[in-house]
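A short write-up of the structure that comes next.
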Amino acid sequence: MRKARDLFRSIRSKSSSFSSSFTTDRNLSPPAMEDLSERYSFEPVLRWKPEVENYFSTAYGADHFARISKALTRPSCYSCIRVNILKSSPDVVIEKLMAVLKENESEFGTENLNLSKTYLNGDSTSESQKLDDSVKAASGPVNEFTNMFNGNLQKGPISKCEFPGLDYVLFVKGSGPHVIDYGYVDGKPPKEVVVSRKCAEAVLRGAQVYVPGVLACSAHVEKGDEVAVSVAIEQPLEGGWGSGITRGTIMQGSCTDLYYSERNRLYIGKGKAMLSRTGIFRVLQGVAVEMCNRVFKLPSFYDVLEGEIFLQNLPSIIAAHALDPKKGERIIDLCAAPGGKTTAIAILMKDEGEIIAVDRSHNKVLNIQKLAAEMGLRSITTYKLDALKSVRQNNECDDKTNLVGTDDMTNLAIREYNNSVTVQSSDSMKIQVEKDSSAVLDGLIAESIAEETVSNEKANERTYISKAEIRKNLRRMRNGPGRNQSTGGRGENSKGFAPNSFDRVLLDAPCSALGLRPRLFSGEETMESLRNHGKYQRRLFDQAVQLVRSGGVIVYSTCTLNPGENEALVRYALDTYKFLSLAPQHPRIGGPGLVGQFQFPDGYIEKWLRPGEEELVQRFDPSSRLDTIGFFIAKFTVGSKET
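Set out below in structure tokens:
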């Protein structure tokens, strides 16, 4: 045991010295009483790698980037909801959501009716006035929308967007940051639950604390106890990054606890333990802590009014509008999961036309199908396809659609194991089997498929598949892929699409996601990883250019702050494809893009926008008064490809 303790101490000592550039100095002495208000608070600081911070500071200016970093650590002061106007109306939805808020008044409180100035405008009036030059230079419509937006949030807990064309968008007001009394009495610390960083980010957005997110806990926590919830941010360890806390660790609430000082100012609220300490680390799922008092209070509408509403960030809604889809057009959404922009496009088209939604993940394709079915949209067809292979090669054709019903289950399973493809669009039939006959059906079908599989093996030299494996896959087809809550269908594979076969292309590219908030950790990104994202996105954009017809439109968007994935992509597009040109966007509520360039230590020069192009893109700044995520949108019109 002594050797184990010595080994642990040596590892922790190395980890401490390695993390000096990312964390504050450790203070191993017990906190004084006057310091407790600082410890039990929420003031996170993003730690960037020095070369990454220098890159962003050059792009934005040091002061501006500092404000962006601070804004990223907090959630937006509101939730944005898109109403499915094909099934409901904004007024009806507002009435229903108000009833939901009233039911949950005990958690979110009446203070939501009076949003604090601190949360809405930043730390103070003077701070909110320190707008970056790029924000000050924003055009008239941007300021008009910002003023309207701030006026809407003062009208009540739920308000309708008054900007022309966006009246189906609702804003649900939040509140915070709140000062919380964690109950440190007579030198006795409160009982505490330590959660992972990802869990904490979800809680800041309105979620509860679920069992998988709990890392450590005070001793003797019983069901019903009031507990403080703190966050374990990733630390640089030997071999990578990690929380450094083994799940199930006991916390004493003293400076001898693992990473005690690193959790200073990282308390996100109080809650009620729904399980004892033993129960939390024994079960695999369920709510561990029900949050009762949060630093930021944002109403959660998870599983509320399914099919009538969709929670979506405001810039994502604007991206769908920028595409400007028309009835009857053929549109493709590359990298479409989770389907928010896909369904937004379908609604803007009044569900009249053809929308192809592709993603390389089978389960994500099923989730898009489920969302489209919930919203009653029939114009969306989904495909499992790597967007890098979205342009069909010569002598290849698209797979045909096969709708699956109960009578086809046996044939479906056989075709699956013979590498055939099952097609499912958003309005496809569900596979349903009566529960009272499921056991008999499993046995009969398994025997039939086993015989067919053996014969196929002889003919095609395929691998033999056991009956147990067949039964398991039949259950998956009947019940769906478990936690993804699929309707039980199958995704369709595709070999790609013909060049010049789409009127409009939306490329919401996979990215570094550095604009998403709240964000409590940023240490993993390097300059190499940021540059690699840009290379990948150029390859995706090449596919989009081939798919769109002459006279068509491409909209490119990301949820990152990285100009190498945004403005540099625009520069690449305009310099590589002379028939592309930037087009004005409507509505325009984001700020201008970045002009200039950056030279890397290896001599490579990354070129951004040229003067005059910055007003043709939209860049959403987390530190601006719109209080959105970081986001970027560029719209291209396609001239004649013959030239």
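In case it helps, the working numbering puts the sequence shown at residues 336 to 978.
For glycine and all other residues, C-beta sits at the position ideal for the given N, C-alpha and C.
Counting of Cβ neighbours within 10 angstroms places I585 among the exposed residues, the total staying below 16. Collapsing the DSSP output to three states places T584 in a strand. Restricted to the region 548 to 583, the beta strand (DSSP E) segments that are unbroken, complete and at least 3 residues in length are 549 to 553, 561 to 567, 570 to 572 and 575 to 577, listed in chain order. Annotation for V930: no alpha helix (DSSP H) segment contains it, and DSSP assigns it neither H nor E. Rounded to whole angstroms, the Cβ separation of L381 and R852 is 11 Å, and the two are not in contact under 8 Å.
In this structure, the beta-carbon distance from L640 to G675 does not fall below 9 Å.
Taking a 10 Å sphere around the C-beta of A554, we find fewer than 16 other C-beta atoms and assign the residue as exposed. A direct Cα-to-Cα measurement between G577 and P660 gives close to 44 Å. Nearest neighbour of E827 by Cα position, chosen from R598, G548 and D694, turns out to be D694. Remark: fewer than three beta-carbon pairs, one from each stretch, lie closer than 8 Å, so the region 526 to 533 and the region 387 to 394 are not flagged as touching. For S864, the three-state secondary structure derived from DSSP is helix. Under DSSP, A692 shares a beta bridge with D668 and T717. A straight-line Cα-Cα distance of about 16 Å links R600 and V538. Selection G491, P492 and E497 evaluated against F480 yields E497 as nearest (Cα-Cα). Pairing L909 with L896 gives a Cβ-Cβ distance that is not under 9 Å. When rounded, the separation of the alpha-carbon atoms in S494 and D426 is 10 Å.
Excluding sequence positions up to five before and after K558, its CB lies within less than 8 Å of the CB of A608, M609, L610, S611 and G614, all in the same chain and listed in chain order. In this structure, F837 places its C-beta atom within 9 Å of the C-beta atom of V883.
Boundaries of the alpha helix (DSSP H) harbouring I682: G675 to L683, taken from the DSSP string. Counting the other Cβ atoms within 10 Å of the Cβ of P499 gives fewer than 16, which makes it exposed. Taking C-beta atoms as the reference points, P898 and Y871 fail to come closer than 9 Å. Membership of Y602 in the beta strand (DSSP E) is indicated by the continuous run Y602 to A608. Apart from the 5 residues on each side of it in sequence, Y595 has no Cβ closer than 6 Å to any other Cβ in its chain. Where R612 is concerned, the enclosing alpha helix (DSSP H) starts and stops at R612 to I615. In this model, V888 and L875 are separated by some 15 Å (Cα to Cα).
Taking C-beta atoms under 8 Å as the contact rule, I691 and T716 qualify, at a distance of about 6 Å. Here Q878 is buried, its C-beta having at least 16 other C-beta atoms within 10 Å. Distance from the CA atom of K422 to the CA atom of T678, rounded to whole angstroms, is 13 Å. Inside the region 845 to 894, DSSP marks whole beta strand (DSSP E) runs of 3 or more residues at positions 883 to 893, from first to last along the chain. Proximity to E373 across I603, E388 and G486 peaks at I603, based on C-alpha coordinates. Here the C-alpha atom of K913 lies approximately 36 Å from the C-alpha atom of R713.
Here Q704 carries a helix assignment [DSSP, helix/strand/coil]. Collapsing the DSSP output to three states places V380 in coil. Per DSSP, R532 is one residue of the alpha helix (DSSP H) stretching across R532 to L539.
In the DSSP assignment, M433 falls within the alpha helix (DSSP H) that extends over P425 to E438. Annotated three-state conformation of Y545 is strand, per DSSP.
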